C-alpha cells in the first residue's frame, strides 16, 4: 500500500537522558552531606532514562498481577503472579538500596541519598515503590522489639531481591508489607476488630479481616489487632518457621484507579500466627514510625511524579511546532511550563529537606526531629494534594497525544491521586498537623525557626510568615479551617527553602505567585516578568 503522507512534526522518543540530572535534587543531596552518593545516583538516573526501563514500567502496568487462590489440585496457595517486568523493577530498586538499606548504612546523609534514588527510580514506575517504601518503613517499628529487629532487619536491609514464599530465614533478602485498615474503620484503626489471642509460646493467633493490604506477596507484614491489652502491633510472616504457610487468605485483588502493577488485596487472618511488636495496647504508637516513614515517601513520590510530568511536557513542547513556532517558544505555553517547573521544584526541595531532617533526627538532633514531625505532616498534605492538578496540566501540554496511553501521561494521571490518599487522605494529614501542634507546641516553634532563617530575604515571604503567625494565634473554628492553615504552613516552608537554597528565578516566581497572590487558579498564570528562560532551563533533559 503506497504511503499517503510523510510523518513530520512528531516528537522523538524521550529516552537517553539522566533522570538524576535534576538541579534541585542534587542541591538537596549535597546540602545533606550525601554527595558521596552522587555517582550511584547518576548511574541509576541513566538507567531510569533508558528505553529498557520505560519498557519495564509499561509492561508491568499492561500485565497486572493475577491472584491464584488454589493450585491445579485444589490446594489453597494464596499467591499472586507478576509479570517479569515487575521483578526487574523490584530487583533494581533493591540493588540500589531504595528499600531498608540506609538503616544499615552509617554514612552521613544515608536516608537523604536513599530519598534521592527513590525520587529518580520512581519516575520509571510508581507502583512497585509501594512495597519498597513499606520495607524501608518497617525497620523503625520492628526496633520496638529488639529480638524481632535482630531477626529481620539484616534481611530487610540486604540488597538482594529474593522473590517467592519461603521461610524468611532461608532467604537472601526480605520485603515487608503493612496491613492495618478494615472495612468498618478505614483510617480509624482504633475501630479494628481483628482479634489476637496469646499462646503459651509467646506468639499470638490472629483472626479477622483486613480491607486493604498492599503487596500481599511480601515476606512479612506489620498489622494491628485487638489483644487482651488493647490495640497492638504484630509482625506476621507469610511462611512460618516450620516451613508451613501462615493462614493469611487472599480473598481478592482490588481493581484500582491506578497503581495497576502493584497488587492490593483483601485478606482474612484465619488463626494466623504473629509476634507482638512493642507492648500490648501500644499498637498505634508502635506503628506510627512506619507511617511517618511512608508519609515521607508519599511526599517524595508526589515530587517525583511532578518532575516526570514536567520533563515530559517540556520535551514535547521543545520538539513540537504549532502556529509557526515551537510550542516552547509560544508565550502562553512558556508560562504554563514555567509554572509546572516552579511547582515541581518547590515539591522536590521540601521533600529533600524533610529527608535531611530524618537523617538529623535519627542522629539525635531534637530540633530537626520537631521540624520533621510538623513539616512532614503539612508537606504530605499539600505536596500530595498538588500532584493530580499538576499531572493533568502536564498531560494537557501534550494535547491529544497526552491522552493516549503510549505517551505515558495517562498512567501518571491515574497514579497521581494515590499518595494523597495513602497513609491518610487530605483531612487525616491536615488533622495530624493539628495534633502535632497541640501535643507538642515546640513543633510550631521549630517550623517558624525554619521560616525565620529566610527573614528579610523576600518581602512576600516575610508577609506570608507574618500572616501565618496571625493564623496560628487565632483558635476560632480551628479544626474547621485546618486545611487553610496547613496550606499556609506548607507554602511558607516551601518559599523559605526556595529563597535560601533554590534558583533565584524559581524562588522569585514562587514567592510572587504562591505567596504574593499574583497568580490565577490554574497553572500558566505566573505574573509578567517571571524569568521563564531561567526557569525552563531547570527542566531540560540532560
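Numbering (the working numbering), first residue to last: 516 to 1057. Note that the Cβ used here is the ideal one computed from N, Cα and C, for glycine as well. Keep in mind it's a predicted model, so treat the numbers as computed, not measured.
Return the residue from the list 943, 955, 901 that minimises the CA-CA distance to residue 995.
-> In the chain shown, residue 995 corresponds to position 480, counting from 1. Ranked by Cα distance from residue 995, the first of 943, 955, 901 is 943.
For residue 985, count neighbouring Cβ atoms within 10 angstroms of its own Cβ and tell me buried if that reaches 16, exposed if not.
-> Here the question's residue 985 lines up with position 470 in the chain shown. Under this definition residue 985 is an exposed residue.
Relative to the C-alpha of residue 810, which residue among 691, 631, 709, 937 is closest?
-> Sequence index remark: in the chain shown, residue 810 carries index 295 (1-based). Closest option to residue 810, Cα to Cα, is 937.
Span separating the alpha-carbon of residue 779 from that of residue 630 | The count along the chain shown starts at 1 and reaches residue 779 at position 264. The count along the chain shown starts at 1 and reaches residue 630 at position 115. Rounded to the nearest whole angstrom, the CA to CA distance from residue 779 to residue 630 is 24 Å.
Any idea if residue 579 is buried or exposed, counting beta-carbon neighbours within 10 angstroms, 16 or more meaning buried?
-> Reading the chain shown from its first residue, position 64 is the one you call residue 579. By the neighbour-count rule (16 or more Cβ atoms within 10 Å), residue 579 is buried.
Could you spell out the range, first to last residue, of the alpha helix (DSSP H) harbouring residue 645?
-> For the purposes of this step, residue 645 is identified with residue 130 of the chain shown, where counting begins at 1. Where residue 645 is concerned, the enclosing alpha helix (DSSP H) stretches over 644 to 657.
Assign residue 690 to one of three DSSP states: helix, strand, or coil.
-> Position 175 of the chain shown, counting from 1, holds the residue named residue 690. In this structure, residue 690 counts as coil in the three-state DSSP scheme.
What did DSSP end up calling residue 768 once you bin it into helix, strand or coil?
-> For this step, residue 768 is matched to residue 253 along the chain shown. In this structure, residue 768 counts as strand in the three-state DSSP scheme.
CB contact flag (residue 819, residue 634, <7 Å) | Reading the chain shown from its first residue, position 304 is the one you call residue 819. Reading the chain shown from its first residue, position 119 is the one you call residue 634. Result yes, Cβ atoms of residue 819 and residue 634 sit closer than 7 Å.
Starting from residue 726, follow its DSSP beta bridges and name the residues at the other end.
-> As a working note, residue 726 is residue 211 in the chain shown. None; residue 726 has no bridge partner.
With DSSP run on the structure shown, which of helix, strand or coil describes residue 897?
-> The count along the chain shown starts at 1 and reaches residue 897 at position 382. DSSP places residue 897 in helix when its eight states are reduced to three.
Bounding residues of the beta strand (DSSP E) (the contiguous stretch that carries residue 913) | Against the chain shown, residue 913 aligns to sequence position 398. No beta strand (DSSP E) holds residue 913; DSSP gives it neither H nor E.
Among 636, 806, 854, nearest to residue 901 - alpha-carbon criterion | If you number the chain shown from 1, residue 901 lands on position 386. Nearest of 636, 806, 854 to residue 901, Cα basis: 854.
What are the partner residues of residue 789, as DSSP defines its beta bridges?
-> Here residue 789 refers to the residue found at position 274 of the chain shown. DSSP output for residue 789 lists 719 as bridge partner(s).
Would DSSP call residue 522 helix, strand or coil?
-> What you label residue 522 is simply residue 7 of the chain shown in a count that begins at 1. Coil, per DSSP.
Please report the residue range of the beta strand (DSSP E) in which residue 1027 lies.
-> Mapped onto the chain shown, residue 1027 falls at position 512. Element bounds for residue 1027: n/a, residue is neither H nor E.
Spatial neighbours of residue 672 within its chain, please: CB distance less than 6 Å, with the 5 preceding and 5 following residues excluded, ordered by chain position.
-> Position 157 of the chain shown, counting from 1, holds the residue named residue 672. The answer, listed in chain order, is 615, 616, 618, 619.
Starting from the Cα of residue 733, find the closest Cα among 644, 987, 905 and give me that residue.
-> For the purposes of this step, residue 733 is taken as residue 218 along the chain shown, with counting starting at 1. Among 644, 987, 905, the Cα nearest to that of residue 733 belongs to 644.
Going by alpha carbons, who is nearest to residue 970 out of 960, 657, 981?
-> Numbered from its first residue, the chain shown carries residue 970 at position 455. Residue 970 has its Cα closest to that of 981, out of 960, 657, 981.
Where do the N-terminal and C-terminal ends of the beta strand (DSSP E) with residue 922 fall, by residue?
-> Here residue 922 is taken as the residue at index 407 of the chain shown, counted from 1. First-last for residue 922: undefined, no H or E at that position.
Note down, in chain order, each residue of its chain lying with its Cβ closer than 7 Å to the Cβ of residue 637, except the 5 sequence neighbours on either side.
-> What you label residue 637 is simply residue 122 of the chain shown in a count that begins at 1. If we look at residue 637 and ignore the five residues flanking it on each side, its Cβ neighbours are 644, 816, 819.
The beta strand (DSSP E) enclosing residue 747, as first and last residue numbers | For the purposes of this step, residue 747 is taken as the residue at position 232 of the chain shown. Counting along the chain, the beta strand (DSSP E) containing residue 747 begins and ends at 745 to 752.
Alpha carbon to alpha carbon, what distance is there between residue 714 and residue 927?
-> Stepping through the chain shown from its first residue, residue 927 is reached at position 412. Stepping through the chain shown from its first residue, residue 714 is reached at position 199. Their Cα atoms are separated by approximately 47 Å.
So what's residue 880 in DSSP terms, helix, strand or just coil?
-> What you label residue 880 is simply residue 365 of the chain shown in a count that begins at 1. Three-state result, residue 880: coil.
Alpha carbon to alpha carbon, how far is residue 562 from residue 962? Give it in angstroms, no decimals.
-> Here residue 962 refers to the residue found at position 447 of the chain shown. Here residue 562 refers to the residue found at position 47 of the chain shown. If you take the alpha carbons of residue 962 and residue 562, they lie about 37 Å apart.
Host beta strand (DSSP E) of residue 736 (start-end) | Your numbering for residue 736 matches position 221 in the chain shown. Unbroken beta strand (DSSP E) run through residue 736: 735 to 742.
Three-state secondary structure (DSSP) at residue 934?
-> Start at 1 with the first residue of the chain shown, and residue 934 comes out as number 419. In the three-state reduction of the DSSP assignment, residue 934 falls in the helix class.
So, do the region 744 to 757 and the region 676 to 687 have three or more beta carbon pairs nearer to each other than 8 Å?
-> Contact holds: three or more Cβ-Cβ distances are below 8 Å.
Taking C-alpha atoms, which residue in 827, 592, 772, 934 lies nearest to residue 899?
-> Within the chain shown, numbered from 1, the residue matching residue 899 stands at position 384. Looking at the Cα atoms, 934 is the closest of the given residues.
Three CB pairs or more closer than 8 Å across the region 911 to 931 and the region 1040 to 1050 = no
Tell whether a beta-carbon distance below 7 Å holds between residue 865 and residue 1012.
-> Taking the chain shown and counting its residues from 1, one reaches residue 865 at position 350. Taking the chain shown and counting its residues from 1, one reaches residue 1012 at position 497. Closer than 7 Å, so yes.
List the residues that DSSP assigns as beta-bridge partners of residue 1083.
-> Here the chain comprises residues numbered 516 to 1057, so residue 1083 is not present and cannot be evaluated.
Might you give, ordered along the chain, the residues of its own chain that have their beta carbon closer than 6 Å to the beta carbon of residue 1004, omitting 5 neighbours on each side?
-> Position 489 of the chain shown, counted from the first residue, corresponds to residue 1004. Within the same chain, residue 1004 has close Cβ partners 893.
Buried or exposed: residue 524, going by 16 or more other Cβ atoms within 10 Å of its Cβ?
-> Here residue 524 is taken as the residue at index 9 of the chain shown, counted from 1. Exposed, since its Cβ has fewer than 16 Cβ neighbours within 10 Å.
With distances taken from CA atoms, which of 932, 844, 776, 835 is nearest residue 577?
-> If you number the chain shown from 1, residue 577 lands on position 62. Out of 932, 844, 776, 835, 776 has the C-alpha closest to the C-alpha of residue 577.
Who are residue 582's beta bridge partners in DSSP?
-> Along the chain shown, one-based indexing puts residue 582 at 67. Beta-bridge partners assigned by DSSP to residue 582: 595.
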